[in-house]
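Residue numbers (the working numbering): 22 to 143. Worksheet: the structure to be examined is printed underneath.
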């Protein structure tokens, strides 16, 4: 029994598919000054893995199928009005990795400064 379990574990280690992939999404975020603003951007998704297999890797954007890679780089024109999820999958739908492109709102108003000194006689 112990030998059978050991054989199964060895088989899983050596024959299970490995889905480690290196990739990058640029730009990595959208920065706006108010909540109702958006970014129109051309997002470059690049597969940097040395074991790149072009026809077996696909891209999903916000849980929707976009396209499969034919080269190592894919460019996508998007309107970013909220956080977007980019997912790499196999053609069979197995999720490999995901990345969240953030929609960040920053406060562009300058901080108020005190007009008078904190100490005063009057």
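Think of the CB as a built atom: it goes at the ideal place given N, C-alpha and C, for glycine as much as any other residue. None of the values given here were measured: they were computed from a predicted structure.
Reference residue i; option with closest CA among the options
i           : options            : result
residue 46  : 81, 102, 113       : 81
residue 65  : 108, 48, 111       : 48
residue 113 : 122, 79, 119, 70   : 79
residue 122 : 116, 128, 107, 115 : 107
residue 126 : 102, 87, 83, 116   : 102
residue 63  : 54, 44, 53, 99     : 99
residue 89  : 109, 58, 55        : 109
Extent of the continuous beta strand (DSSP E) to which residue i belongs
i          : result
residue 82 : 78 to 82
Taking only runs that begin and end inside the stretch 89 to 123, name each unbroken beta strand (DSSP E) of 3 or more residues, in chain order. 94 to 101, 105 to 111
In chain order, which continuous runs of the beta strand (DSSP E) of length 3 or greater are located wholly inside the stretch 38 to 70? 44 to 47, 50 to 53, 60 to 68
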